[in-house]
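Enquirer: Protein sequence lines, in the order shown, are assigned to chains E and Z.
Be aware that the first sequence starts at 1310, since it is given in this note's numbering, and climbs by one per residue.
Be aware that the second sequence starts at 21, since it is given in this note's numbering, and climbs by one per residue.
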Amino acid sequence: MASVTLQELSKRFDKVTAVNQINLEIPDKEFVVFVGPSGCGKTTTLRMIAGLEETSDGTILIGERVVNDVPPKDRNIAMVFQNYALYPHMDVYKNMAFGLKLRRTPKPEIDRRVREASRILGIEELLDRKPRQLSGGQRQRVAVGRAIVRQPEVFLFDEPLSNLDAKLRVQMRSELIKLHYQLEATMIYVTHDQVEAMTMGDRIVIMNNGEIQQVGAPMEVYDQPINMFVAGFIGSPAMNFFQGKLTAQNSDLFVDLGKFTMKLPKSQINRFGNHVNQRVVFGIRPENISDREEAGEHQQERVPAMVNVVEPLGSEVIVELSAGDHTFVGRLDPTTTARPMHEMAVYFDMGRFHLFDAETGINLTRQ
Amino acid sequence: MKTRTRNFLGQLLTLYIPLVPFILFSLFPFYFMVITSFKADGELYNLKANPFIIQLSPTHPDYSGGPTLEHYQLLLRDTPFLTWLFNSVLVSVLATAISIVIAILAAYSLARLRFRGAPSFGTAVFITYLVPTTLLFLPLAQVVNRLGLADSVWALIVTYPTFLVPFCTWLLLGYFRTIPQEIEECAMVDGCTRFQALIRIVLPVAIPGIACAVLFAFTISWNEFIYALTFISSTAQKTTTVGVTAELIRGDIFYWGSLMAGAVLGSIPIVLVYVVFMDYYVSGLTQGAIK
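Dropping the structure here:
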């Protein structure tokens, strides 16, 4: 097993910069997830680690070894592709044994490892089938099995679950997590699905426009997003953003949102002092909006709003509201009385808001 | 049971009956060729006789002995037909083999490797294929002479790839592009070099495409006429197409019976090749079509 280090890594295709000088250290045995919208450079980064794409600049280390000029076959990695990429002319057993055969592993050892991996993945009965005789979920397992038998230093996953239906995806997700505990291997996983990223990663790397936005544990990036992009990308429904202006009155700070204002808690005043009279973006997650006043430790701000849409999900109710020029989403208790096209007052939890610089998008709440 | 009958009826109406005219249209030349090759000269040159059948009834005025093997005897006894047949096989097999190997490498590079000028090179290959052989045989004759290959089957083995390679490259290029790149990349991560990935993964998957290219290349070589006519003059080096027409058309005398017999025998190898590759060939065409 090995660590993976990316130093000043860049990739340019003609004039387009797909990956721009990224630095990252992935320690041994970590499960790290690259997440971002399509075209953010996450897959390109993974392919550079695999050696399928040449680097334009920078260095890739696997363990202590610089692998920039090492061909994929000698990097001791295994990769699971989005479309499974099973060899269509080989049965499942041969698909899994192929890599070992090329490495001249003795036959009994190949057999042992293939059977072991197929037992872990529950595909023992499929060993003599051809890929076209398998369902999507089974193909996915074979693709994972083919990676496992190799016992590589690093596993690379390129959106491996995106071709599965929702139910199977959830199931495979937990199986991959279990697999990570079992194999204790370094795993790098690329996805555009922030739910996968949150649930699977020890750490999440959020990318946009070829650059790393933030690296951190799932709850860290959720609670303390470094900028508006991360705040908006992680979390579903997404964080609500309100364009406004920071104003000072007496010794209090307010965010002027046009038709209404948000009074910031006294404890926060020192942080934002030098942003007074600048344009800011006020951010709050849907679950920090409530339809009832609560006597808690946090200050609440009352906002009179109009209910546009009510989406009951059983355990919660997603409500789209508007106030002034702003439209926002609240995640309310199922007992809510919200009815479409009716007015209601909602309460913002001022212990959990975010304030972003409107120009740079940087989170001012985060220190 | 009932639905099966209805299915069959439906298929008969929508599939088989509409096919009949096409089958008649495409098989008629073969029928006419076969029937002519077995027809006695007396009946063959009798303008009143029905040209579409061999008269079997001895009482009929057009009857002149029924089916005969005399044309085949003439062909096999009085001309070196078997030598021509052998030459044709030799030329077609070697030219096809050489062309397919080159075309696989060329098509793979054009489909997969990103090198400067790859797209325009692909277009150039296609344009080469469009240059008619009737233009090329003059300069090529000089080349063949310089190489000292004139008047031998080797002149054909060397020159046929000039049109087979572009054709096969163009055909395989399209096929290789339909093969997902990931399976190759996966093979390379699994431990293959690029060349190993080509041999062990891409080629087995591309068998329908390759079979298709083999079939076409073989047929084109087999039917080729102009180069074979211009580069070769001695009878013993001729291929079937040229040999039959050169020896059985003497001035304005056409030995129709034997010409047709030569055509029948000459088409047997092609039929055999098609029988062997048919399954692959069909799946090759459809697989190329849907992607």
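We put the CB at the ideal spot given by N, CA and C, even for glycine.
Let's see if you can read the secondary structure: which residues bound the beta strand (DSSP E) around E/Val1328?
Expert: 1325-1335
Enquirer: Going by C-alpha to C-alpha distance, which of E/Ser1624, E/Asp1642, E/Val1619, E/Gly1623 sits closest to E/Ser1631?
Expert: E/Val1619
Enquirer: Taking C-beta pairs closer than 9 Å, name the residues in chain Z that E/Gly1678 reaches, listed in chain order.
Expert: Nothing about residue 1678 of chain E can be reported from this structure: the residues present for chain E run from 1310 to 1676 only.
Enquirer: Just to make sure I have the definition right: I need the residues of chain E whose C-beta is within less than 7 Å of the C-beta of Z/Gly211. Which are they?
Expert: For Z/Gly211, the chain E residues whose C-beta falls within less than 7 Å of its own C-beta are Lys1382, Gly1408, Leu1411, Arg1412, listed in chain order.
Enquirer: State yes or no: is the C-beta of E/Arg1450 within less than 7 Å of the C-beta of E/Ile1432?
Expert: yes
Enquirer: Spell out a yes or no on whether the stretch 219-238 of chain Z and the stretch 1424-1440 of chain E are touching, meaning 3 or more CB-CB pairs, one atom from each, closer than 8 Å.
Expert: no
Enquirer: Check this for me: beta carbons of E/Leu1435 and E/Val1401, under 7 Å apart or not?
Expert: yes
Enquirer: Got a sec? Which residues, its chain only, sit under 8 Å from E/Pro1381 by beta carbon, not counting five neighbours each side?
Expert: Cβ contact annotation for E/Pro1381 (same chain, cutoff 8 Å, sequence separation greater than five): Ala1359, Gly1360, Leu1361, in chain order.
Enquirer: If you draw a straight line from the alpha carbon of E/Met1496 to that of E/Glu1339, how long is it in whole angstroms?
Expert: Taking the CA atoms as reference points, E/Met1496 sits about 6 Å from E/Glu1339.
Enquirer: Go ahead and pull the three-state DSSP assignment for Z/Ile199.
Expert: Correct three-state label for Z/Ile199: coil.
Enquirer: If the criterion is Cβ atoms closer than 7 Å, does the pair Z/Ile124 and E/Tyr1396 meet it?
Expert: no
Enquirer: Around the C-beta of Z/Ser112, are 16 or more other C-beta atoms found within 10 angstroms, so that it is buried, or is it exposed?
Expert: buried
Enquirer: Pick from Z/Phe72, Z/Leu32, Z/Val109, Z/Asp82: whose alpha carbon is nearest that of Z/Ser287?
Expert: Z/Val109
Enquirer: The alpha helix (DSSP H) spanning Z/Gly229 covers which residue range?
Expert: 227-243
Enquirer: Would you call E/Phe1322 buried or exposed, if buried means 16 or more other Cβ atoms sit within 10 Å of its Cβ?
Expert: By the neighbour-count rule (16 or more Cβ atoms within 10 Å), E/Phe1322 is not buried but exposed.
Enquirer: Got a sec: is the Cβ-Cβ distance from E/Ala1394 to anything in chain Z below 7 Å?
Expert: yes
Enquirer: On the DSSP letters alone, give me the boundaries of the alpha helix (DSSP H) that Z/Pro139 sits inside.
Expert: Here the alpha helix (DSSP H) through Z/Pro139 covers 138-150.
Enquirer: Are the stretch 87-105 of chain Z and the stretch 249-264 of chain Z touching, with three or more C-beta to C-beta distances below 8 Å?
Expert: yes
Enquirer: Starting from the N-terminal side, write out each stretch of the beta strand (DSSP E) that is 3 residues or longer and does not extend beyond the stretch 163-187 of chain Z.
Expert: The stretch 163-187 of chain Z contains no complete beta strand (DSSP E) run of 3 or more residues.
Enquirer: Note down, in chain order, every chain E residue with its Cβ under 7 Å from the Cβ of Z/Cys206.
Expert: Result: Met1388, Phe1390, Ala1394.
Enquirer: Look at the alpha carbon of Z/Ser57 and the alpha carbon of Z/Leu279, and state the distance between them as a whole number of angstroms.
Expert: 8 Å
Enquirer: Less than 7 Å between CB atoms is the rule here; does Z/Val225 satisfy it with respect to chain E?
Expert: yes
Enquirer: Looking at chain E, is there any beta carbon in it that lies within less than 7 Å of the beta carbon of Z/Glu202?
Expert: yes
Enquirer: Residues of chain E with CB under 7 Å from Z/Ile221, in chain order?
Expert: Tyr1396
Enquirer: Return no unless some Cβ of chain Z is closer than 7 Å to the Cβ of E/Leu1361.
Expert: yes
Enquirer: E/Lys1568 and E/Gly1633: beta carbons closer than 7 Å?
Expert: yes
Enquirer: Output yes if chain A places a C-beta closer than 7 Å to the C-beta of Z/Asn107; else output no.
Expert: In the structure shown, chain A does not exist; the protein chains are E and Z.
Enquirer: Between which two residues does the alpha helix (DSSP H) containing Z/Val54 stretch?
Expert: 37-57
Enquirer: Looking at the secondary structure, which residues open and close the alpha helix (DSSP H) in which E/Met1250 lies?
Expert: Outside the displayed span of chain E (1310 to 1676) sits residue 1250 of chain E, for which this structure offers no information.
Enquirer: Using the beta-carbon count (16 or more within 10 Å), is E/Glu1652 buried or exposed?
Expert: exposed
Enquirer: Apply the 10 Å Cβ neighbour rule to E/His1635 and answer buried if 16 or more other Cβ atoms are within range, or exposed otherwise.
Expert: buried
Enquirer: Grab the span of the beta strand (DSSP E) containing Z/Ser105 for me, first residue to last.
Expert: Note that residue 105 of chain Z is Leu in the sequence shown here, rather than Ser. Unbroken run through Z/Leu105 is the alpha helix (DSSP H), 101-132; no beta strand (DSSP E).
Enquirer: Assuming contact is defined by CB atoms lying nearer than 7 Å, are E/Lys1320 and E/Val1313 in contact in what I supplied?
Expert: no
Enquirer: Can you give the Cα-Cα distance for E/Gln1480 and E/Gly1623, rounded to whole angstroms?
Expert: 22 Å
Enquirer: Below 7 Å between beta carbons: does that hold for E/Val1342 and E/Tyr1490?
Expert: no
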